[in-house]
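First residue of the sequence shown: 108, per the working numbering; consecutive thereafter.
Every residue gets a Cβ at the ideal spot worked out from N, C-alpha and C, and that includes glycine.
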Amino acid sequence: MGPGMRLRREVVGHMNSVCTLSVTSFSLPADLKSSSRIRGAAAGVAREAGLSSSRIYDLQVAVSEAVASAIEYCCLPGDEVRVEVAWLTDRLEVRIHSPRPYSAALGPRLLSHQGGFGLPLMASLADQVIVRRRVGGGATLAVVFSLAPCGLPTG
């Protein structure tokens, strides 16, 4: 665990019909150097959940893109991102919470290849990509990887 990284892990009970097995959350400086720590934390939970090594690689690439997008489009120098790695009965979710909403210029660039391969690459690797504004400000970008029922790996 590096400087500036605060880690909280809890085992949570049932939420609706999906059981949350664990949530690991931490905050890091909004800096691309933080990406490797976020990837490592997500990969650790994915291994524990039984995701295959090829899906863990996909998760790490998608998480790198999510972190880069959140930092590039939602953060100013000195900001922090909050990360949650949630292991639910049927999926893993890696959520990047930024302190500011996505910029207006983001939309067209995300859907084309003008600004890189961010969302299209995430969408090709993950089972679902979620981008939403948070009540009270900020944005959340999440990548979701499906698991078989009871947290068992798919495929």
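When the Cα of residue i is compared with those of the options, which residue comes out closest?
| i | options | result |
| --- | --- | --- |
| G157 | S171, L183 and R198 | R198 |
| T196 | F252, Q167 and A169 | F252 |
| E155 | P184, A193, E172 and A169 | A193 |
| A150 | P136, K140, A169 and G243 | A169 |
| Y164 | L226, A153 and V174 | A153 |
| G229 | G245, A177, C182 and V242 | Strictly speaking, residue 229 in this sequence is Met, with Gly absent from that position. Nearest option by C-alpha distance: A177. |
| I145 | S160, T127, V201 and E179 | V201 |
| K140 | L128, E172 and S160 | E172 |
| S142 | A233, A175 and R240 | A175 |
| C181 | Q167, V250, S160 and S205 | S205 |
Tell me, please, which residues DSSP counts as bridged to residue i.
| i | result |
| --- | --- |
| E179 | In DSSP, E179 forms no bridge with anything. |
| I163 | According to DSSP, which records beta bridges pairwise, I163 is partnered with nothing at all. |
| L139 | According to DSSP, L139 bridges with nothing at all. |
| E191 | S132 and R202 |
| I237 | A249 |
Rounded to the nearest angstrom, how far is the Cβ of residue i from that of residue j, given a contact under 8 Å?
| i | j | result |
| --- | --- | --- |
| I203 | L254 | 20 Å between Cβ atoms; not a contact. |
| G147 | R207 | Not really, about 25 Å apart at Cβ, beyond 8 Å. |
| L226 | V242 | So it is not a contact: roughly 23 Å between Cβ atoms. |
For this session: Take every Cβ of the segment 125 to 138, pair it with every Cβ of the segment 176 to 192, and state whether three or more of those distances are shorter than 8 Å.
Result: yes
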